[in-house]
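Each residue of the sequence shown is one higher than the one before, starting from 2 at the first, in my numbering. Quick reminder that beta carbons are idealized off the backbone N, C-alpha and C, glycines included. Computed from a predicted model, the values in this text were never measured in an experiment.
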Amino acid sequence: MSLPIRVETITLGDELLLGIRENAHLSYLGTQLAHHGIEPFANLVVRDQVDEIRTFFSDSWKRSDLVITTGGLGPTSDDLTRETIAEILHEELVFDPSIEHALRERFSNLGRPMPESNLRQCYRPKGAEVLANPYGTAPGLLIKKEGKILVMLPGPAREMHPMFEQVVIPRLQAEGLFPEIDCYLQIRTAGIGESDLAEKVGHLFEGKEGLVVGYCAHAGMVDLRLSSMDGEILSEEDLHAIADQCREALGEDFVCLGDRTLAEVIFRELRSLDKTLAVAESC
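Okay, structure coming up:
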């Protein structure tokens, strides 16, 4: 599989479409993929319904090199990802005693009996590799098939986020899909509009092969995103050199590298100077 690869993410859950819970997985996975020089092609939010999972996953699988799903791996009747995807990929569901052992050990450590419903989580598609989940009961799954890769992860962020960073990224790097360098930088600015920012720094990007530039305005700030889609053409050092040039061009409009808020940056600066900030209401 050659780089760059085509990636789609699918987040499953009625609560996401109903607005009961924010789809934080989209921003998290987008940022993580960008850090590794990969721009996701699409994100789909799908209800916990077999027909809809079948339709949307089938389409994603046909057109992508890597599909990442989150959610639907739990022990309840509306957790349908495992079974539906196994059917689509013509994979037999098999009971995995190693998953059962890990589950029973987890519940034992918690001092609780394991509900029988959790045995549903011990089934996996026959060709799937189990991705350990030290943070919950639902193991992740990885399937290599038809020259593509599918990664299935649990829905809760407290499980999915560390699993993605500690298990999935190294695993995909071993497949040669993710470069082992950081291919993404974010410059946070304040006191300048999006168009003025583009005028100040746009000339710095001319002739920079492999550089992808993005602007994102929000709540009194504008973020400038610099990404390299090919670490051999534009290295991590090259990105930092461009960021340094941007910082110099921005002057006082520069806030920080990264995603710290303006308040956090001011607080850290005052603390480093051993200064105190006092505020009072005037009426």
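message: Helix, strand or coil for Cys184? Go by DSSP, reduced to three states.
response: On the sequence shown, position 183 is the one that residue 184 refers to. Judged by DSSP in its simplified three-state form, Cys184 adopts coil rather than helix or strand.
task: Mind the definition here: the region 55 to 71 touches the region 86 to 97 only if three or more C-beta pairs lie below 8 Å; say whether that holds.
output: Verdict: yes, contact present.
field: Cβ pair Gln33, Ile188 closer than 9 Å
entry: In the sequence shown, the residue the question calls residue 33 occupies position 32. In the sequence shown, the residue the question calls residue 188 occupies position 187. Taking the C-beta atoms as reference points, Ile188 is found no nearer than 9 Å to Gln33.
- prompt: Any chance the region 256 to 268 sits against the region 204 to 218, with 3 or more Cβ pairs inside 8 Å?
  reply: At 8 Å Cβ cutoff, the stretches do not touch.
task: Using 10 angstroms around the beta-carbon of Gly221, count the other beta-carbons present and answer buried if the total reaches 16, otherwise exposed.
output: Within the sequence shown, the letter at position 220 stands for residue 221. Counting Cβ neighbours within 10 Å, Gly221 comes out exposed, since fewer than 16 surround it.
Inter-residue Cα distance where the pair is Leu74 and Leu13: Numbered from its first residue, the sequence shown carries residue 74 at position 73. Numbered from its first residue, the sequence shown carries residue 13 at position 12. C-alpha separation (whole angstroms): 10 Å.
Distance between Pro41 and Ile150 (C-alpha atoms, nearest Å): Against the sequence shown, residue 150 aligns to sequence position 149. Against the sequence shown, residue 41 aligns to sequence position 40. Between Ile150 and Pro41, the C-alpha separation is close to 14 Å.
field: Nearest-angstrom beta carbon gap, Ser109 and Val131 [assumed within contact, 8 Å]
entry: Against the sequence shown, residue 131 aligns to sequence position 130. Against the sequence shown, residue 109 aligns to sequence position 108. Between the beta-carbon of Val131 and that of Ser109 there is about 19 Å, and that puts the pair past the 8 Å contact cut.
task: In the DSSP assignment, find the alpha helix (DSSP H) that holds Ser28 and state where it starts and stops.
output: Within the sequence shown, numbered from 1, the residue matching residue 28 stands at position 27. First-last of the alpha helix (DSSP H) with Ser28: Ala25 to His36.
- request: Have a look at the DSSP bridge pairing and note the partners of Glu130.
  value: Along the sequence shown, read from residue 1 onward, the residue named residue 130 stands at position 129. Note: Glu130 sits in a beta bridge opposite Leu143.
query: Helix, strand or coil: which one does DSSP assign to Gly203?
result: If you number the sequence shown from 1, residue 203 lands on position 202. Reduced to three states, the DSSP call for Gly203 is helix.
- prompt: Okay, do the region 133 to 142 and the region 150 to 161 touch, 3+ Cβ pairs below 8 Å being the bar?
  reply: Result yes; three or more Cβ-Cβ pairs closer than 8 Å.
field: Residues that DSSP places opposite Phe255 in a beta bridge
entry: On the sequence shown, position 254 is the one that residue 255 refers to. Paired residues: Thr190.
query: Is Pro116 buried or exposed, if buried means 16 or more other CB atoms sit within 10 Å of its CB?
result: Taking the first residue of the sequence shown as position 1, residue 116 is located at position 115. Label assigned to Pro116: exposed.
- prompt: If you draw a straight line from the alpha carbon of Val95 to that of Asp49, how long is it in whole angstroms?
  reply: By 1-based counting over the sequence shown, the position of residue 95 is 94. By 1-based counting over the sequence shown, the position of residue 49 is 48. Roughly 22 Å between the two C-alpha positions.
- prompt: Leaving out the 5 sequence neighbours to the left and right, which residues in its chain are closer than 6 Å to Ala129 when beta-carbon positions are compared?
  reply: Against the sequence shown, residue 129 aligns to sequence position 128. Cβ-Cβ distances below 6 Å link Ala129 to Leu142 and Ile144 in the same chain, with the five nearest sequence neighbours on each side left out; the list follows chain order.
- prompt: Excluding the five sequence neighbours on either side, which residues of its own chain have a C-beta within less than 6 Å of the C-beta of Asp231, listed in chain order?
  reply: As a working note, residue 231 is residue 230 in the sequence shown. Excluding its 5 nearest sequence neighbours in each direction, Asp231 has C-beta neighbours in its own chain below 6 Å: Gly211, listed in chain order.
CA-to-CA distance, Val51 to Asp15, given in whole angstroms: The count along the sequence shown starts at 1 and reaches residue 15 at position 14. The count along the sequence shown starts at 1 and reaches residue 51 at position 50. Val51 has its alpha-carbon roughly 12 Å from the corresponding atom of Asp15.
message: Once DSSP output is grouped into helix, strand and coil, what is the label at Glu265?
response: Start at 1 with the first residue of the sequence shown, and residue 265 comes out as number 264. Helix, per DSSP.
C-alpha gap between Asp80 and Gly192, whole angstroms: Start at 1 with the first residue of the sequence shown, and residue 80 comes out as number 79. Start at 1 with the first residue of the sequence shown, and residue 192 comes out as number 191. The C-alpha of Gly192 is placed about 46 Å away from the C-alpha of Asp80.
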